[in-house]
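What follows is one structure encoded as structure tokens, with my remarks underneath.
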Amino acid sequence: MRGRKFDASAVIAAARRCRHGCPQIIVSSPVSASGVPFPTIFWLTCPFLDHRCGELESEQRISELEALFAAMPAAAVEKMHQDYAALRLVLIGGGKSSALSEMNEGMRRVLTESGVGGINWREARQAVKCLHLQTATWLGMGAHPAGEWLAEKLGALDCADGRCLKPPADPCP
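Following the numbering used here, the numbering of the sequence shown begins with 1 at its first residue and continues without gaps.
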């Protein structure tokens, strides 16, 4: 997670591990310890998949996925966002937690009404944000309306060389 704004104390579980046993996707709490909403519940932590998603983004593949979403029946994409929001509420405590009741209306709406990673899917159904988020959602939830597209574009879902087992290089040698 080097270089990404993320509070490691928010980790709830590993949603998926690679063949080497390392977490590829983690599940994070939708509410930080300080009570701030955090709508992204699945995070991609695998260096191999992180690199592969970055490559695809540099090839302008986000626009392809947005076009695919726009061409799909609305119900398929809406279901993904609704399922994501429902899971977020389960992780909060079914919407009855004190953390949720103590939030202002805007913060509460982000958690209860937004979709994948906080996307306002009602206004922008085809919005993708990034392929890292879509990949983490697909692998974390086990389903995605563009799962076949993601599988085709990503190819292998883990590294052959076990790079995830190696400590990251020191950025300041």
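We put the CB at the ideal spot given by N, CA and C, even for glycine.
Within the same chain, and ignoring the five residues on either side of Gln134 in sequence, the residues whose Cβ sits closer than 8 Å to its Cβ are Leu65, Val116, Val128, His144, Ala146, Leu150. Sorting Cys159, Glu152, Leu91, Thr45 by C-alpha distance to the C-alpha of Pro39 places Leu91 at the top. With 16 or more other Cβ atoms inside 10 Å of its own Cβ, His81 counts as buried.
Here Leu65 is not bridged, per DSSP, to any residue. Contact holds between the stretch 32-51 and the stretch 102-118, because three or more Cβ pairs, one in each stretch, are under 8 Å apart.
Boundaries of the alpha helix (DSSP H) harbouring Gln134: 131-141, taken from the DSSP string.
DSSP places Leu44 in the uninterrupted beta strand (DSSP E) bounded by 42-44.
Ile12 sits in a strand when the DSSP states are folded into three classes. Annotated three-state conformation of Gln24 is strand, per DSSP.
The three-state reading of DSSP puts Val31 in strand, counting E and B together. For Ala86, the enclosing alpha helix (DSSP H) stretches over residues 74-92. Under the three-state reduction of DSSP, Arg17 is assigned to strand. Sequence-distant partners of Leu56 (beyond 5 residues in either direction) whose C-beta falls short of 7 Å from its own C-beta, in its chain, are Leu131, Lys153. In this structure, Leu68 lies away from Arg88, with their beta-carbon atoms at least 8 Å apart.
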